[in-house]
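Chemist: Everything in the sequence shown is counted per my numbering, starting at 1 for the first residue and increasing by one.
Glycine residues also receive a C-beta, built at the ideal position from the N, C-alpha and C atoms.
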Amino acid sequence: MEFRQAQAVCIPAVHLHMTTATMQVSQKDFEKAQEQLKLLKKDPGNETKLKLYALFKQATEGPCNSPKPGMLDFVKKAKWDAWNSLGNLSQDNARQKYTELVSSLISAESAGQTKDASPEESRHDGYETIIVTTKNNITKIMFNRPERKNAINHQMYREIIKALQEAGKDDSTIAVITGNGEYYTSGNDLNNFANVQPNDMEKMAKDGAELLKEFVSCFIDFPKPLIAVVNGPAIGISVTLLGLCDIVYASDRATFHTPFSQLGQSPEGCSSYLFPKIMGLAKANEMLLFNKKLTAAEACAWGLVTEVFPDGTFQKEVWERLKAYASLPKNSLAVSKQLLRSMEKEKLHAVNSQECEVLKERWLSDECLNAIVSFFQRKSKL
Ligand SMILES: CCCCCC/C=C/C(=O)SCCNC(=O)CCNC(=O)[C@H](O)C(C)(C)COP(=O)(O)OP(=O)(O)OC[C@H]1O[C@@H](n2cnc3c(N)ncnc32)[C@H](O)[C@@H]1OP(=O)(O)O
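#1: Starting from residue 332, follow the alpha helix (DSSP H) in both directions and report where the run begins and ends.
#2: Taking all protein chains shown into account, do 16 or more other C-beta atoms lie within 10 angstroms of the C-beta of residue 377, making it buried, or fewer, making it exposed?
#3: Quick one: Cα of residue 116 to Cα of residue 283, how far?
#4: Do the stretch 185 to 196 and the stretch 140 to 156 meet, that is, are 3 or more Cβ pairs less than 8 Å apart?
#5: Along the chain, where does the beta strand (DSSP E) containing residue 48 start, and where does it finish?
#6: Please determine, among 138, 109, 128 and 104, the residue with the shortest C-alpha to C-alpha distance to residue 120.
#7: Rounding to the nearest angstrom, what Cα-Cα distance links residue 73 and residue 89 in this structure?
#8: Nearest-angstrom Cα distance between residue 340 and residue 198?
#9: When DSSP builds the beta bridges, which residues end up paired with residue 122?
#10: Have a look at 147, 257 and 302 and flag the residue whose alpha-carbon is nearest the alpha-carbon of residue 277.
#11: Could you please give me the residues that DSSP links to residue 226 through a beta bridge?
#12: Among 146, 210, 123 and 191, whose alpha-carbon lies nearest the alpha-carbon of residue 158?
#13: Straight-line CA distance for residue 30 to residue 93?
#14: Hey, would you say residue 268 sits closer than 8 Å to residue 212, going by beta carbons?
#15: Tell me whether the stretch 316 to 329 and the stretch 174 to 182 touch, counting them as touching only if at least three CB pairs, one residue from each stretch, are closer than 8 Å.
#16: Is residue 102 buried or exposed, if buried means 16 or more other CB atoms sit within 10 Å of its CB?
#17: Between the Cα of residue 180 and the Cα atoms of 195, 166 and 145, which residue gives the shortest distance?
#18: Beta carbon of residue 259: closer than 7 Å to some heavy atom of ligand 2?
This is the structure we're talking about:
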């Protein structure tokens, strides 16, 4: 039963003849309650609407004595059952109960509206490289090293792992990843490879591969919808991970760059498997082999991005959209996301393992070391 329909059913114009002063007050309250009910913004649900309908009928017509509708006339039968269940409740009592029920709905809604108007944003403790907050059923994980273009150092990898594990279990309906400042993120912090003694190279590569595998696994296994809000340029691993997100919204200022061969490295984040599926092999090759940097419009046309927004209205439009999504039934969203992911989960974990093994070797290669040295030399020459 639609709410507006129920209101229409519950509140036809009635003319009641009251005699005593008490009854007149009660009748006044009853009529006021009918007007107030029209002002309710939220649908109170079928059960409450049936209760209102039954009390209204009882108050205005007395006990139900109309014939029982047929079994297949579900709506009429539900209404008849509700009215009939009031038995011989007096019309005064029915008016009283109706008025009280409307009053409780109005109070509940205005309490909820006050809460909605200024919902608390709670900030999660224990993070230094990211900011984690929850508001409107959305847990937001924000890269927060804007002075380094949000480059992901080892601490940030570990903090994101922790934040995703917590967000997967908290009360939020969806989780969002985004960046603070001009960049989404410039990808792996190249300092992760700096200052490593020759004897420690193998250990650096082994530990790096283990950390990367655990990091990407958290995205594969994340149990609820995960949305990337790409506020600016994205590089490297932050681009490949988009294939593991459920929705990707991008500002028209964002770019998407995976300069793996330029860095003597190889693809990760399951992109060697997901990118060809998302955009076709030819396009994936341009990105993953030949470092092609995509504009937001190209990334959207190639299927990596869901929708692009003008930068000026990006935050407003996206968060309004996400707030609405996060008010959908939480468990339904979670099971549906898990169902979709389950078809590929095993394969994705296998791809992740394989990509990490290849990268472990790459990080020990002269090609990779020379590229890292070039990056830092370029900087020192500027
Ligand atoms: C556990 C390990 C897992 C590894 C997973 C494998 C992941 C692979 C990848 O992600 S590959 C991609 C790696 N990223 C890059 O190659 C980007 C490198 N950075 C740049 O090219 C540029 O900095 C830029 C284009 C992002 C921005 O250029 P510009 O606007 O000229 O700014 P600056 O270069 O001056 O940057 C400001 C400041 O930030 C430092 N910085 C930026 N990005 C990184 C980075 N990725 N790693 C380290 N440092 C970075 C930059 O050096 C400047 O520092 P300074 O102020 O000079 O000290």
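Modeler: According to the structure data:
#1: Here residue 332 refers to the residue found at position 332 when the sequence shown is read from its first residue. Run containing residue 332: 330 to 342, per the alpha helix (DSSP H) assignment.
#2: The residue given as residue 377 occupies position 377 in the sequence shown. Its Cβ having fewer than 16 others within 10 Å, residue 377 is exposed.
#3: Residue 116 sits at position 116 when you count from the first residue of the sequence shown. Residue 283 sits at position 283 when you count from the first residue of the sequence shown. The predicted model places residue 116 with a pLDDT of 48, which falls under 50 and marks its position as unreliable, so this point remains unresolved.
#4: yes
#5: What you label residue 48 is simply residue 48 of the sequence shown in a count that begins at 1. Element bounds for residue 48: not the beta strand (DSSP E) but the alpha helix (DSSP H), 46 to 61.
#6: The sequence position of residue 120 within the sequence shown is 120, counting from 1. The option with the nearest alpha carbon to residue 120 is 138.
#7: Walking along the sequence shown from the start, residue 73 turns up at place 73. Walking along the sequence shown from the start, residue 89 turns up at place 89. When rounded, the distance between both Cα atoms is 26 Å.
#8: For the purposes of this step, residue 340 is identified with residue 340 of the sequence shown, where counting begins at 1. For the purposes of this step, residue 198 is identified with residue 198 of the sequence shown, where counting begins at 1. If you take the alpha carbons of residue 340 and residue 198, they lie about 45 Å apart.
#9: Mapped onto the sequence shown, residue 122 falls at position 122. Answer by DSSP bridge pairing, in chain order: 134.
#10: As a working mapping, residue 277 is identified with position 277 in the sequence shown. Taking only the C-alpha atoms, the option nearest residue 277 is 302.
#11: As a working note, residue 226 is residue 226 in the sequence shown. Looking at the DSSP assignment, residue 226 forms a beta bridge with 175.
#12: Here residue 158 refers to the residue found at position 158 of the sequence shown. Of the listed residues, the one whose Cα sits closest to residue 158 is 210.
#13: Residue numbering aside, residue 30 sits at position 30 when the sequence shown is read from its first letter. Residue numbering aside, residue 93 sits at position 93 when the sequence shown is read from its first letter. Cα to Cα, residue 30 sits roughly 11 Å from residue 93.
#14: Taking the sequence shown and counting its residues from 1, the one referred to as residue 268 is at position 268. Taking the sequence shown and counting its residues from 1, the one referred to as residue 212 is at position 212. Yes.
#15: yes
#16: The sequence position of residue 102 within the sequence shown is 102, counting from 1. By the neighbour-count rule (16 or more Cβ atoms within 10 Å), residue 102 is buried.
#17: For the purposes of this step, residue 180 is identified with residue 180 of the sequence shown, where counting begins at 1. That would be 145, whose Cα lies nearest to the Cα of residue 180.
#18: For ligand 2, the structure offers nothing, since it holds only ligand 1.
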